[in-house]
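Residue numbering for the sequence shown follows this note's numbering, starting at 181 and increasing by one per position.
Cβ atoms here follow ideal geometry from the backbone N, Cα and C, with glycine treated the same way.
Worksheet for the structure shown next.
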Amino acid sequence: MAPVSEIFDEKLWRSVAGFDDLTDITYHHDVTGTIARIAFDRPEVRNAFRPHTVDELYQTLDDVRQNPRIGVVLLTGNGPSEKDGGWAFCSGGDQRIRGRAGYEYEGQEGATNPTATAGLTEAEVEAEAAAAAGKRRAAAGRLHILEVQRLIRFMPKVVIAVVPGWAAGGGHSLHVVCDLTIASAEHARFKQTDVDVGSFDAGYGSAYFARQVGQKFAREVFFLAREYDAQRALDAGAINASVPHAELEATAYDWATTIMTKSPTAIRMVKFALNAVDDGLVGQQVFAGEATRLAYGTDEAVEGRDSFLQKREPDWSPFPWQY
181 MAPVSEIFDE KLWRSVAGFD DLTDITYHHD VTGTIARIAF DRPEVRNAFR PHTVDELYQT
241 LDDVRQNPRI GVVLLTGNGP SEKDGGWAFC SGGDQRIRGR AGYEYEGQEG ATNPTATAGL
301 TEAEVEAEAA AAAGKRRAAA GRLHILEVQR LIRFMPKVVI AVVPGWAAGG GHSLHVVCDL
361 TIASAEHARF KQTDVDVGSF DAGYGSAYFA RQVGQKFARE VFFLAREYDA QRALDAGAIN
421 ASVPHAELEA TAYDWATTIM TKSPTAIRMV KFALNAVDDG LVGQQVFAGE ATRLAYGTDE
481 AVEGRDSFLQ KREPDWSPFP WQY
């Protein structure tokens with residue numbers, strides 16, 4: 181079996197049951213079951229994503245979101261390319277399959293799963309195929325990498341972008357929306373290619389990036405579409421650390437293990453508090469929802485619930501008006 185990535189430490193990681201059919205993404209949990217590694221696995225195209233890639237990325241990230249043991253996700257890109265030795269985190273959407281309505285599923289229009297249609301009548305199989313085709317047409321026009329951005333943003337876990345090479349276009353935006361970014365000093369290259377390909381990221385990829393680095397540098401990155409290296413990114417405040425390439429994943433794992441020694445509730449609340457500054461009412465709702473869950477655990481909240489169920493007046497006397 182081919183190695184997952186040249187700097188992947190197989191002693192630290194285990195494949196995740198139920199995800200054996202992934203083709204564009206690799207998904208591992210560490211030996212403690214508390215840290216996840218999710219990686220783009222299309223190194224020959226600089227880990228560019230297609231709709232199928234995004235489906236798998238969302239599926240694995242959402243699995244992490246629902247796992248109560250995992251607190252940190254390392255999001256990275258496998259490599260290097262066997263063709264030219266190049267490294268990439270993610271180079272954004274695969275422009276070869278970009279249509280007028282969005283990125284298109286390759287050769288899958290109307291395809292059905294033979295196992296899923298076994299025993300169905302011809303009419304039922306045709307209906308399944310039509311439904312599948314309709315679903316893919318709708319998905320192609322949704323640009324659903326934005327759903328991945330929102331999942332990363334609102335996930336109550338820490339997501340660390342581990343950048344071994346190119347982070348360009350939509351890949352640049354993904355690293356921006358992650359909580360932390362650690363990059364390879366030798367190979368990391370950053371570039372926002374939108375204006376070169378007739379695209380633009382009008383959400384987190386641009387506005388939040390400007391919050392991180394300031395308006396002038398953000399406009400330079402977007403308007404000129406020039407590449408910049410890890411040191412320039414670090415100086416601008418776009419990343420947290422630039423480390424030797426051979427130490428990249430080990431450093432990210434060390435950061436993750438440190439985070440796992442902290443209070444899960446405090447980490448979650450701090451993440452959402454920091455998000456709320458830029459996320460408006462949505463950010464306020466997420467933060468307030470978490471605060472409500474904390475309140476449910478207090479004796480005061482229990483008294484309110486119990487008095488309602490017992491059809492009596494609540495006794496608030498044990499609970500002071502804090503100041």
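| Item | Value |
| --- | --- |
| With A398 and L254 assumed to form a contact (beta carbons below 8 Å), what rounded beta-carbon distance in angstroms separates them? | Incorrect: roughly 26 Å between the Cβ atoms, too far for contact. |
| Do the region 222-240 and the region 262-274 make contact, defined as three or more Cβ pairs closer than 8 Å? | yes |
| With a Cβ-Cβ cutoff of 8 Å, do P336 and R249 count as a contact? | no |
| Pick out whichever of D359, L354, T214 and S487 has its Cα sitting closest to the Cα of K371. | L354 |
| Looking only at DSSP bridge pairs, what is R194 linked to? | H209 |
| Hey, I419 and A363: beta-carbon distance below 8 Å or not? | yes |
| Could you tell me whether the region 437-453 touches the region 381-389, using the rule of 3 or more Cβ pairs below 8 Å? | no |
| Going by other Cβ atoms of all chains shown within 10 Å of its Cβ, with 16 needed for buried, is T233 buried or exposed? | buried |
| With C-beta atoms as the reference, is A365 less than 8 Å away from P444? | no |
| P294 by DSSP, collapsed to three states: which one? | Its pLDDT being 49, under 50, P294 is placed unreliably by the model, and the measurement read from it follows with that caveat. Three-state DSSP puts P294 in a helix. |
| Please go through the region 208-279 and give each complete beta strand (DSSP E) segment of 3 or more residues, from N-terminal end onward. | 215-220, 252-257 and 268-270 |
| Roughly how far, in whole angstroms, is the beta-carbon of D359 from the beta-carbon of V339, given that I think they are within contact range, below 8 Å? | 5 Å |
| Could you tell me whether the Cβ atoms of A410 and A475 are closer together than 8 Å? | no |
| In the DSSP assignment, find the unbroken beta strand (DSSP E) run with L360 in it and report its ends. | L360 to S364 |
| When we look at the beta-carbon of N258 and count the other beta-carbons within 10 Å, is it buried (16 or more) or exposed? | buried |
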